[in-house]
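This report refers to the structure that appears directly beneath it.
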Amino acid sequence: MPWLKRILAVGKIRKAVLTSRSALEEAGYSVAYAGDAKSAIEMMASLKFDLVVLSHEQKRAIPMMTEIKRHHPTAVLALIHPYPDDQSPIVHLAPKSTTLHRDHLLSELRFLFETHSGPTVRKGSR
Numbered sequence: 001m002p003w004l005k006r007i008l009a010v011g012k013i014r015k016a017v018l019t020s021r022s023a024l025e026e027a028g029y030s031v032a033y034a035g036d037a038k039s040a041i042e043m044m045a046s047l048k049f050d051l052v053v054l055s056h057e058q059k060r061a062i063p064m065m066t067e068i069k070r071h072h073p074t075a076v077l078a079l080i081h082p083y084p085d086d087q088s089p090i091v092h093l094a095p096k097s098t099t100l101h102r103d104h105l106l107s108e109l110r111f112l113f114e115t116h117s118g119p120t121v122r123k124g125s126r
């Protein structure tokens, strides 16, 4: 079996990742979910993740990242915007339900895996 890139989705980004699960699996990603930093820290104590992603829209994203890093200093963390530009007319017509967000999320994750050398925020990402 080929090596899967393991992603831990924390907090509000869960919905975006869950709706894109099959596309992520087809692209070679294995995804787990944690509702908050405490759950993420507990999961990370027993499982190895290649990337921990949080949504930048989440009000507590930075404090959650800080808490995760305190317990797992070598963890690779990323804030991403799981959906395409909020100004997109497609998003307004069918909020968060189009396949467009799957392509965007896959693009963001590929970028992070291809260019990562530490905590990353992609220029131009929201």
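The sequence shown: position 60 = 60 (our numbering), numbered continuously. Virtual Cβ for every residue (Gly too), placed ideally from N, Cα, C.
Assigned with DSSP and collapsed to three states, R6 falls in strand. In the structure shown, L51 falls within a strand segment according to DSSP collapsed to helix, strand and coil. Following the DSSP letters along the chain, one finds A37 inside the alpha helix (DSSP H) bounded by residues 37 to 46. Going by DSSP, S22 is part of the alpha helix (DSSP H) stretching over 21 to 26.
Residue environment for I13: buried (at least 16 other C-beta atoms within 10 angstroms of its C-beta). Put simply, the backbone Cα of E67 is about 25 Å away from that of R110. A residue is called buried once 16 or more other Cβ atoms fall within 10 Å of its Cβ, and G11 is buried on that count.
Under the DSSP assignment, A34 falls outside any alpha helix (DSSP H), being part of the beta strand (DSSP E) whose first and last residues are 29 to 34.
Only residues of its own chain outside the window of five on either side were considered, and among them L8, A32, A34 have a CB closer than 7 Å to the CB of M43, listed in chain order.
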